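27 is the number of the first residue of the sequence shown in the numbering used here; add one for each residue after it. Here a beta-carbon is modelled for each residue, glycine too, at the ideal position from N, C-alpha and C. All values reported here derive from a predicted model rather than from experimental measurement. Beneath this line is the structure, given in structure tokens, with notes to follow.
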Amino acid sequence: MKTLVVGWFSFEHMGATAGDLMARDLACEWLAEAGHDVEYAVVPPFSGGVDWRRVDPGDYSCVVFVCGPFGNGEPLTEFFSRFAGIPLVGLDVSMLEPLESWNPFQSLWERDSSRTARPDISILSRQPLVPVVGTVLIGGQGEYGDRARQTSANDAIRRLLDSREVAVVPIDTCLDPENTTGLRTPAEIESLIARMDVVVTTRLHGTVLALKNGVPAVVIDSVSGGHKVIRQARTIGWPVAFVIDELTDQKLRDAFDYCLTAEARQQAKECCRRAKGAVEKVRAEFIAELQQLVETAGERM
């Protein structure tokens, strides 16, 4: 006999969360370790399980409902009816009604109810931490070349990120009313970029602010033949930069993988150090020249 694990991931349009899936996998792991033959029920977009409406309830010796708020009503009414007579166990649920008035479970280890509260079981879940990748992309500015090239660059970036398990954070460096990321100041933008593992960018300042903070960047100049973005990367000495004409998916994947290495992070720091030294020279020359201009103008007055 088998045990069926269900939760809000088993019902359409119920807003299953990452925590629900973590709790599900943990419950399945516990049951398997205890010698149970386990299945779990899912609906799209989730996969790998069964549809509770199609299975034979008689195949199961127990049903475990795991995680989330739990109340009396749809869509649970149909579920209760289909699995009537089979022991129902609650795990990590928040009971919306007092247990004294309604409790459908034969056994219950609730997250919280009218009688007690426990830590959410997802705290024991072991998830691999994936790279956090900032995308700093240009809009439709004419100075950056034609839109077809920009679209080609964005499509290549989308294919790259789709090929890896990464957490993508869109970052807009524009500080105008059309900025939809909620970033309001240069400090907020740079603080976010500085916390990325890798930045993928078609912007000059996406390149500079990443390297300034020691964050490796995959840089793409979306102007045919290259313009200020590729020239800035070469001036700084950052090698992971491409002109859209020469870009291939394989080059992009190889570049991204390199940017995840300790070597790339060290190289980014070295680029920043050299660039800062060069800009300090600009500062000194700028101040000296400006002072000379002011003094010369004063002598003429």
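Each residue's CA atom was taken as its position, placing Met48 and Arg309 some 53 Å apart. When the beta-carbon positions are compared, Leu102 and Ala182 stay at least 8 Å from each other. Cβ-Cβ separation between Cys285 and Val244: approximately 6 Å, consistent with a contact (criterion under 8 Å). A distance below 8 Å separates the beta carbons of Met121 and Glu136. Remark: C-beta atoms of Gly41 and Trp34 approach each other more closely than 8 Å.
Taken atom to atom, the span from the alpha-carbon of Asp271 to that of Met222 is near 27 Å. Measuring C-alpha to C-alpha distances from Lys28 to each of Ala58, Thr43 and Glu38 identifies Ala58 as the nearest.
Val249 is not a Cβ neighbour of Ala236, given a cutoff of 8 Å. Residue burial annotation: Arg50 is buried, with at least 16 other C-beta atoms found within 10 angstroms of its C-beta. Contact check between the segment 187-202 and the segment 140-152: fewer than three CB pairs, one atom from each, fall below 8 Å, which does not count as touching.
In this structure, Val68 lies away from Cys54, with their beta-carbon atoms at least 8 Å apart. In this structure Cys93 does not touch Val115 by the C-beta definition: roughly 13 Å separates them, more than the 8 Å allowed.
Judged by their CB atoms, Thr227 and Val162 are nearer to each other than the 8 Å cut-off.
Following the DSSP letters along the chain, one finds Ile147 in no beta strand (DSSP E), marked with neither H nor E. Under a 10 Å Cβ-count criterion, Ser87 is classified as exposed, with fewer than 16 other Cβ atoms of the shown protein chains found around its own Cβ. The segment 76-140 is shown to contain whole beta strand (DSSP E) runs of 3 or more residues at 86-96, 114-121 and 133-135, in chain order. Arg108 and Pro83 do touch by the CB rule: their CB atoms are close to 6 Å apart, below 8 Å.
Membership of Ala267 in the beta strand (DSSP E) is indicated by the continuous run Ala267 to Val269.
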